[in-house]
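Residue numbers (our numbering): 913 to 1108. For glycine and all other residues, C-beta sits at the position ideal for the given N, C-alpha and C. All remarks here apply to the structure that follows.
Shown next as structure tokens:
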């Protein structure tokens, strides 16, 4: 029986074993270089299903790195986008994106649903879309800095709305500046400065 099992394993090896990822401590808040190293490591360790993507650079010239997770195909596959954070101060969100990557990679070839997702979809995961703001939010315990939500674009006083002129904006709230899904309701302090 052992000989038959050995022959079966040699003749019919598993298509793909569960992937590997570099160590990333999810019990603490990590800094940007750790995220960057992790992303590069996941791509390097899983070349059959993971490709690193650079979509540009931040205002302060940091790379905007993410992963494309999916089996190669000869056709266009539906895509899924997950980003860990537009807002600098929302540190847990960056780590949720890493946890999502961990679940996909470690369970590929083991969990039927995850294997199906990776085979049928292109899954793009970008843990840190606002590295400048994220790094800035970690420089001090003062609430004004620790609670920073925007990127680090320089102060601009040329904005205006129907209600005010010469609005000065320090930084840009990234998820308030997409072409789709704008909300003109300004029911909180955060959203009272529409041009920012």
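Three-way DSSP call (helix, strand, coil) for residue i in this model
{"i": "residue 984", "result": "coil"}
{"i": "residue 1047", "result": "helix"}
{"i": "residue 1002", "result": "coil"}
{"i": "residue 921", "result": "Bear in mind that the predicted position of residue 921 carries a pLDDT of just 42, short of 50, making it unreliable; the figure below should be weighed with that in mind. Helix."}
{"i": "residue 1016", "result": "helix"}
{"i": "residue 914", "result": "The predicted model places residue 914 with a pLDDT of 49, which falls under 50 and marks its position as unreliable; any figure quoted below should be read in that light. DSSP places residue 914 in helix when its eight states are reduced to three."}
{"i": "residue 1040", "result": "coil"}
{"i": "residue 931", "result": "coil"}
{"i": "residue 991", "result": "strand"}
{"i": "residue 938", "result": "coil"}
{"i": "residue 1107", "result": "Bear in mind that the predicted position of residue 1107 carries a pLDDT of just 48, short of 50, making it unreliable; the figure below should be weighed with that in mind. DSSP places residue 1107 in coil when its eight states are reduced to three."}
Residue i beta carbon near the ligand NAD (any heavy atom closer than 6 Å)
{"i": "residue 1058", "result": "The ligand NAD is not part of the structure shown, which contains no ligands of any sort."}
For residue i, the nearest candidate out of the options (CA to CA)
{"i": "residue 979", "options": "970, 966, 932 and 1007", "result": "966"}
{"i": "residue 941", "options": "1083, 1031 and 1046", "result": "1046"}
{"i": "residue 1000", "options": "937, 1053, 939 and 1048", "result": "1048"}
{"i": "residue 997", "options": "937, 1065 and 1007", "result": "1007"}
{"i": "residue 952", "options": "939, 932 and 1055", "result": "932"}
{"i": "residue 1004", "options": "1053, 943 and 1023", "result": "943"}
{"i": "residue 1014", "options": "1044, 955 and 1032", "result": "955"}
{"i": "residue 1062", "options": "1051, 1087, 1055 and 1052", "result": "1087"}
{"i": "residue 957", "options": "1033, 1025, 935 and 945", "result": "935"}
{"i": "residue 993", "options": "1034, 968 and 1024", "result": "1034"}
{"i": "residue 995", "options": "1032, 1057, 1055 and 947", "result": "947"}
{"i": "residue 969", "options": "1056, 1009 and 1044", "result": "1044"}
{"i": "residue 1050", "options": "1002, 1030 and 1018", "result": "1002"}
Host alpha helix (DSSP H) of residue i (start-end)
{"i": "residue 950", "result": "944-957"}
{"i": "residue 1029", "result": "1024-1032"}
{"i": "residue 1055", "result": "1055-1058"}
For residue j and residue i, believed in contact at Cβ under 8 Å, the rounded distance
{"i": "residue 1036", "j": "residue 991", "result": "6 Å"}
{"i": "residue 938", "j": "residue 1020", "result": "That belief does not hold up - the Cβ atoms of residue 938 and residue 1020 are roughly 19 Å apart, past 8 Å."}
{"i": "residue 1064", "j": "residue 1083", "result": "6 Å"}
{"i": "residue 1032", "j": "residue 989", "result": "6 Å"}
Residue interval of the beta strand (DSSP E) (run including residue i)
{"i": "residue 967", "result": "962-969"}
Cβ of residue i within 7 Å of any chain B Cβ
{"i": "residue 1061", "result": "This model lacks chain B altogether; it includes just one protein chain."}
When you compare the region 1026-1040 with the region 965-979, are there three or more beta-carbon pairs, one atom per stretch, that lie closer than 8 Å? At 8 Å Cβ cutoff, the stretches touch.
Quick one: any contact between the region 953-965 and the region 977-993, if contact means 3 or more CB pairs under 8 Å? Contact between the region 953-965 and the region 977-993 is present, because at least three Cβ pairs lie under 8 Å.
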